[in-house]
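What follows is a short report on a single structure.
Protein chains: 2
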Amino acid sequence: MQLTERQQEILDHVRAYRRAHGLMPSLREIQQHFRLKSVATVAQHLDALQEKGALQRHPGKARSLALPQARVSVELPLFGTIPAGRPSANEALADGQVPIDPVLFRLRPREEAFALKVRGDSMEGAGIIDGDLVILACREPKARDIVGALVDGESTLKRLTFEHGKPVLLAENPRYQPIIATEELLIQGVYVGHIRVSR
Amino acid sequence: MQLTERQQEILDHVRAYRRAHGLMPSLREIQQHFRLKSVATVAQHLDALQEKGALQRHPGKARSLALPQARVSVELPLFGTIPAGRPSANEALADGQVPIDPVLFRLRPREEAFALKVRGDSMEGAGIIDGDLVILACREPKARDIVGALVDGESTLKRLTFEHGKPVLLAENPRYQPIIATEELLIQGVYVGHIRVSR
DNA sequence: CATGGAACCGAACAAATGTTCGGTATGGCC
DNA sequence: GGCCATACCGAACATTTGTTCGGTTCCATG
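So the sequence lines, in the order shown, correspond to chains Y and S.
Each residue of the first sequence is one higher than the last, beginning at 1 in the working numbering.
Each residue of the second sequence is one higher than the last, beginning at 1001 in the working numbering.
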């Protein structure tokens, strides 16, 4: 469910307070920040936020607000390599776990995501090279997004554009030609960032 | 000063509690865990721990214990930008925390590390571009390592090489000239990887 | 033996904090 | 107008929580 404007403000303030002070605010501190005359108002907003899953409360405990998605790290499933060159056979075998901070990569609460190891140099121009771990979120792609896509049965990492309303996948390397899907184009995930570990 | 055995136990429990519950324990919860008959005992230990700098307290606030260096393994301090172009004034202002997995980046146990935001395009050829968060470990650099270095009082990100036994810093961009330190060359950290978050 | 540190107890107190019960006001909507 | 959601107020209340004061016990050490 959607947060109201006020609820969003409260939530933002709770986040900001935690960053600034290292602990959660009390109801009365929130009250003072918004110059409210009653703690009940704060309690009400917090109830609503909890109702909507935006935060959690431990009844009776002081300063016990918890930000559900504020997990320090979650482990994304790491699948096989994704060719950033010519599409080739899709290797969908899980190779391990990649620990990342969902907040850092701006993943939305409970949003699905996974990691893939890049093979090839077709995204070189975007600074994504062989061996990088790309983080792909399962969300609706927008034009100009970099996406992990299944083209004609094979998966690849490219930038998604549209020409005459038809999707075209662009490499970020002049040595590669744009790909126009002939049969099917399935976007598996949208690039939200990547990680490189030096070897 | 050295912590006593008991103080260490208390500290460990506080850490464990925070991991398990996402918030700090109250004095009475600590008391119950150790089966103590008086909260005063807990308060006493916490005072001692604060005295020794092992943790911080916010007087009068509930559950307000704070672990000063708890970021050791999970969150790296993020400093200002590091120019990957021409060296410029070093901005050593802490900007926040970058949560990473030390294992993923192959950091050694207890090895110091920090993060810097890249500015400029001089490492473009290495796939490190403006806005990337580079992870730098405090360790001895080897030849061909990418390093964050302080050259003549200004910090920069370059590849470290040697010519005739003298250190030379190379950009990974033909538009930049090698830097030969005239006065001092202080290696601040060795590149172990980086993170990019799409914008 | 005297001294002092470390660990602990008991009880009371004050402050901080969450909870709950009514009530008001505004605006959109049928 | 009646209905509902949202936002808010005021005041009491019960709990949780931190703080403080005076004690005890044990043990190492001079």
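Glycine residues also receive a C-beta, built at the ideal position from the N, C-alpha and C atoms.
Residue-chain proximity (residue i, chain Y), Cβ-Cβ < 8 Å
i                : result
A1143 of chain S : no
S1122 of chain S : no
R1159 of chain S : no
R1196 of chain S : yes
R1187 of chain S : Note on residue identity: the sequence assigns Ile, not Arg, to residue 1187 of chain S. No, no contact with chain Y.
G1193 of chain S : yes
G1148 of chain S : no
R1035 of chain S : no
G1127 of chain S : yes
Same chain, Cβ closer than 8 Å to residue i, five either side skipped, listed in chain order
i                : result
F1162 of chain S : A1143 and V1168
R1063 of chain S : L1023, M1024, P1025 and S1026
Residue i to residue j span [Cα, whole Å]
i                : j                : result
F105 of chain Y  : L3 of chain Y    : 21 Å
L170 of chain Y  : G148 of chain Y  : 12 Å
M24 of chain Y   : L55 of chain Y   : 12 Å
Q1032 of chain S : K61 of chain Y   : 16 Å
F1034 of chain S : A1137 of chain S : 38 Å
H45 of chain Y   : K1052 of chain S : 40 Å
R71 of chain Y   : R1018 of chain S : Because R71 of chain Y carries a pLDDT of 41, less than 50, the predicted location of this residue cannot be relied on, and the following value inherits that uncertainty. One C-alpha to the other measures close to 12 Å.
A20 of chain Y   : D1130 of chain S : 27 Å
T156 of chain Y  : G1127 of chain S : 19 Å
V118 of chain Y  : K158 of chain Y  : 11 Å
Beta carbon of residue i nearer than 8 Å to that of residue j
i                : j                : result
L1067 of chain S : R1015 of chain S : yes
L133 of chain Y  : I195 of chain Y  : yes
I1135 of chain S : I1180 of chain S : no
L1036 of chain S : V1042 of chain S : yes
Chain S contact for residue i (CB, 8 Å cutoff)
i               : result
A62 of chain Y  : yes
A54 of chain Y  : no
V168 of chain Y : no
L23 of chain Y  : yes
Q30 of chain Y  : Residue 30 of chain Y is actually Ile in this sequence, not Gln. No, because no Cβ of chain S sits closer than 8 Å to the Cβ of I30 of chain Y.
P59 of chain Y  : no
L11 of chain Y  : no
P99 of chain Y  : yes
Where the alpha helix (DSSP H) containing residue i begins and where it ends
i                : result
V103 of chain Y  : Looking at the DSSP string, V103 of chain Y is not in any alpha helix (DSSP H), and its letter there is neither H nor E.
A1048 of chain S : V1039 to E1051
Residue range of the beta strand (DSSP E) that includes residue i
i                : result
I1030 of chain S : That residue, I1030 of chain S, is in no beta strand (DSSP E); its alpha helix (DSSP H) goes L1027 to H1033.
Y1191 of chain S : L1185 to V1197
Contacting residues, own chain, Cβ-Cβ under 7 Å from residue i (five flanking each side not counted)
i                : result
R1028 of chain S : V1039
S1198 of chain S : none
R1139 of chain S : E1111 and V1190
L1107 of chain S : A1113, A1137 and V1192
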